[in-house]
Amino acid sequence: MTQAFQKLAAIRGMNDILPEAGARWEQFEAIVRDWLQSYGYRNMRAPVLEHTRLFTRGIGEVTDIVEKEMYSFTDSLNGESLTMRPEFTAGMVRAAIEHNLLYDRPQRVYAMGPVFRHERPQRGRYRQFHQIDVEALGFAGPDVDAEMIVMLARLWRQLGLTDIRLELNSLGQPEERARHREALIAHLEQHRDILDEDGQRRMYTNPLRVLDTKNPAMQAMADSAPRLSDFLGEASRAHLQGVCDRLDDAGIAYRMNPRLVRGLDYYNLTVFEWVTDRLGAQGTVCGGGRYDGLIELLGGKPAPAVGFAIGVERLLDLWSQGEAPEARPECDVYIVHQDEAGQRQAARLGEQLRDAGLRVVVHAGSSGFKSQFKRADASGAQVAVILGADELAAQVASVKWLRSTQQEGSGQQQVPFAELANVLLPGRPKAKSAP
Ligand code: HAM
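Rendered as structure tokens:
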């Protein structure tokens, strides 16, 4: 009896990263790790799953993320509500508190990995996407805010990205926002008739977000709304000035954007985003800011903090439009062989060459030399090592440079097994090839 078979496919908005793209991801992650370490950041990893209440409390009940984008479910074993992290910050802070990380000194930490948001998928917007999340916990001054921005500018330079601009704002302190909020609600009430459904809904719960509207009919109302910057006290202004001065010192251009409010509730003072026009509608490649109240809100001893997250898919999309370097081929050396004895010798030689630091693929399965060479070529290897019956009898390997340069010639050379690593190691002088 035939059974109906439903084709298995990935969940919408969740992407497979196939080997060719995977090589690019690894290359990117390696650059990012070096970059983070060059500023003293250390890796830290928290679980993907957390208690739902961590995010509702941390990110805020009336944010898009908490209201409608979280992958939450009830653990059938104990009835607890769990959520797949929609961002890193809340979990990083939870872990720092739980393990007393801030006991004797501030911490610069980072994490990389998948995060989950139930949004409508489109280019640059996915339901599983990846972030590089960077947090400086326990630092109060504008120096660290500015350092983060300067370090991001360095990464863009290193990747050869030029079309990214910086938008900056200050959200002040909660009391300053409360006074602004009152004035803002009064303004929204005056224009109640032109507010769309979202605007009406958010008018009292999150009036600042109403100004973030893309609705053209509401632009004039948003433009004439009271500005938070007019409600900032002296200390908040000084903090912002401190950031701006340091950006000027570093020669980093920015645009003050009073509309920049970010989609998470924990921010205060500095907020920033890096935006590009080259990715269509989803042009924000990185966002972050200061969140001095979050550690206390989540049960820790009060401590200031600042951080940001890069959207990896968006940044890779941008990188691939420019002069991203070629991804590394899958191996340096591809060993082709004949018969069982050849295969076993190939396996031994493979281990020997890996000991010497080479990346080696030993052909697997029985196929003729011709198809083995095709595979060797497709692997991107610089060199094929050949172990046929003649070679085994003479205890040598034939070496064929696949992407030959003048120095190496295009012929084959025969090399005793013990000398193979020396001949193959890149950068070492190579023996003259046979004519
Ligand atoms: P966020 O702005 O929500 O901030 O996300 C950071 C970045 O993740 C965005 O700028 C964007 O590049 C990327 N991103 C967001 N949603 C999607 C999506 N659906 N698909 C693809 N990429 C996306 C945060 O998550 C904060 N935790 C950042 C932070 C860290 N603030 C302080 N510390």
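Numbering-wise (my numbering), the sequence shown opens with residue 2 and increments by one. In this text, a Cβ means the ideal position worked out from N, Cα and C, and glycines have one as well.
Could you check if Y104 is buried or exposed, using at least 16 other CB atoms within 10 Å of its CB as the buried criterion?
-> The residue in question, Y104, is exposed, as its Cβ has fewer than 16 Cβ neighbours within 10 Å.
Evaluate A310 with the Cβ neighbour count: other Cβ atoms within 10 Å of its Cβ, from every protein chain shown; 16 or more gives buried, anything less gives exposed.
-> With 16 or more other Cβ atoms within 10 Å, it is buried.
Does ligand 1 have a heavy atom nearer than 7 Å to the CB of V286?
-> A heavy atom of ligand 1 is found nearer than 7 Å to the CB of V286.
Run the CB neighbour count on S368, radius 10 Å, all protein chains shown included, and call it buried at 16 or more, exposed below.
-> With fewer than 16 other Cβ atoms within 10 Å, it is exposed.
With contact counted as at least three CB pairs below 8 Å, one residue from each stretch, are the region 328-342 and the region 19-28 in contact?
-> Here the region 328-342 lies against the region 19-28, with 3 or more beta-carbon pairs under 8 Å apart.
Buried or exposed: where does A422 fall if 16 or more other Cβ atoms within 10 Å of its Cβ makes it buried?
-> By the 10 Å Cβ count, A422 comes out buried.
Identify, in the order they occur along the chain, each residue of the same chain with its Cβ nearer than 7 Å to the Cβ of V151, setting aside the five sequence neighbours on each side.
-> Take V151, set aside five residues on each side of it, and the residues of its chain with a beta-carbon closer than 7 Å to its own are A251, I253, in chain order.
Out of curiosity, what's the CA-to-CA distance linking R238 and D224?
-> So the two alpha carbons sit approximately 21 Å from each other.
The beta strand (DSSP E) enclosing R166, as first and last residue numbers = R166 -> beta strand (DSSP E) spans 166-171.
Whole-number beta carbon distance between V244 and T271, since they are thought to touch under 8 Å | Your pair T271 and V244 checks out as a contact, with CB atoms roughly 5 Å apart and the cut at 8 Å.
Beta-carbon proximity of G53 to L78, cut-off 8 Å | In the sequence under discussion, the amino acid at residue 53 is Thr, which differs from the Gly named in the question. No, these two residues do not count as a Cβ contact at 8 Å.
To the nearest angstrom, how far is it from the Cα of R404 to the Cα of A31?
-> Answer to the nearest angstrom: the Cα atoms are 26 Å apart.
How would you call T57, buried or exposed, if buried means at least 16 neighbouring beta carbons within 10 angstroms?
-> Per the 10 Å Cβ criterion, buried.
Less than 7 Å between the CB of Y292 and some heavy atom of ligand 1, yes or no?
-> Under cutoff, so the answer is yes.
Counting only runs of 4+ residues fully inside the region 351-404, write out the alpha helix (DSSP H) ranges in chain order.
-> Fully enclosed alpha helix (DSSP H) runs of 4 or longer: 370-379, 390-395.
For the region 163-177 against the region 254-261, are there 3 or more C-beta pairs whose distance is under 8 Å?
-> Under the three-pair Cβ rule at 8 Å, the region 163-177 counts as touching the region 254-261.
For I60 and E81, believed in contact at Cβ under 8 Å, the rounded distance | Separation of the CB atoms of E81 and I60 is rounded to 19 Å, and the pair is thereby denied contact status at 8 Å.
Is E314 near ligand 1, judged by its Cβ being under 7 Å from some heavy atom?
-> Yes, the beta carbon of E314 sits closer than 7 Å to at least one heavy atom of ligand 1.
Chain-order list of residues whose beta-carbon lies under 6 Å from that of Y335 (same chain, five-residue window excluded) | Closer than 6 Å at Cβ, skipping near neighbours: V362, A377, S380, A382, A385.
Hey, which unbroken runs of the alpha helix (DSSP H) at 4 residues or more fall wholly within the region 276-354?
-> Here the runs fully enclosed are 295-298, 313-322.
Which residues bound the beta strand (DSSP E) around Q132?
-> That run of the beta strand (DSSP E) goes 129-138.
Using a threshold of 7 Å, is the CB atom of D266 nearer than that to any non-hydrogen atom of ligand 1?
-> D266 Cβ: outside cutoff for every heavy atom of ligand 1.
Just to check, is the beta-carbon of Q132 closer than 7 Å to a non-hydrogen atom of ligand 1?
-> It does: the Cβ of Q132 is within 7 Å (strictly closer) of some heavy atom of ligand 1.
Examine chain D for any beta-carbon lying closer than 8 Å to the beta-carbon of L319, and answer yes or no.
-> The structure shown has no chain D; it contains just one protein chain.
Extent of the continuous alpha helix (DSSP H) to which S237 belongs | Taken as a continuous stretch (DSSP letters only), the alpha helix (DSSP H) holding S237 covers 235-250.
Alpha carbon to alpha carbon, how far is L350 from R43? Give it in angstroms, no decimals.
-> Each residue's CA atom was taken as its position, placing R43 and L350 some 38 Å apart.
What do you reckon, are the CB atoms on D134 and A112 nearer than 8 Å?
-> Note that the C-beta distance between D134 and A112 is below 8 Å.
For ligand 1, any of its heavy atoms closer than 7 Å to the Cβ of F29?
-> For F29, the shortest separation between its Cβ and any heavy atom of ligand 1 does not lie below 7 Å.
Can you tell me where the alpha helix (DSSP H) with P208 in it begins and where it stops?
-> Note, P208: alpha helix (DSSP H), 208-211.
May I have the straight-line CA-CA distance separating P430 from Q415, to the nearest angstrom?
-> With a pLDDT of only 44 at P430, under 50, the local geometry of the prediction cannot be trusted, and the value read off the model is given with reservation. Roughly 16 Å between the two C-alpha positions.
Measure the alpha-carbon distance for P227 versus R202 and round it to whole angstroms.
-> Cα atoms of P227 and R202: separation of roughly 20 Å, rounded to the nearest angstrom.
May I ask you to check if the CB of E51 is nearer than 7 Å to at least one heavy atom of ligand 1?
-> The answer is no for E51.
Among Q413, G412, F418, nearest to A394 - alpha-carbon criterion | The option with the nearest alpha carbon to A394 is F418.
Who does Q108 pair with in a DSSP beta bridge?
-> DSSP lists L138 as partners of Q108.
Hey, is T84 close to ligand 1, as in C-beta under 7 Å from one of its heavy atoms?
-> T84: no, Cβ never under 7 Å from ligand 1.
Where Q174 sits in the DSSP three-state scheme = The answer is coil: DSSP assigns Q174 none of H, G, I, E or B.
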